[in-house]
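Working notes, beginning with the structure itself.
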Amino acid sequence: FSLGLALTLVTVGVGAAISVQQAAKRWSGFSTLARRAPYFSSILIGLVGVYMGIHGYTGIMQ
């Protein structure tokens, strides 16, 4: 099990690295997008947290 999991994770990681290199070669705006991705991700996670908080609060109050 551990060997299979490790092999799968390494294969996916190598595939992702190769894909990023190819995308950077073909699209000049990719580096700008990659630099801004953490900000988008943090906003998305924050919105999910707010939604869950509101949903939980309304569930408690009913």
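Residues in the sequence shown are numbered from 7 upward in steps of one, following the working numbering. Here a beta-carbon is modelled for each residue, glycine too, at the ideal position from N, C-alpha and C.
As assigned by DSSP and simplified to three states, the class of residue i
i   : result
S37 : helix
Q27 : helix
F46 : helix
Supposed close pair residue i, residue j - CB separation, criterion 8 Å
i   : j   : result
A43 : F36 : With a Cβ gap of about 10 Å, A43 and F36 do not count as contacting.
Near the ligand MG: residue i beta-carbon under 6 Å from a heavy atom
i   : result
L39 : The model on display carries no ligand, and the ligand MG is accordingly not part of it.
Alpha-carbon spacing of residue i relative to residue j, whole angstroms
i   : j   : result
V18 : L39 : 21 Å
M67 : H61 : 10 Å
I51 : V26 : 23 Å
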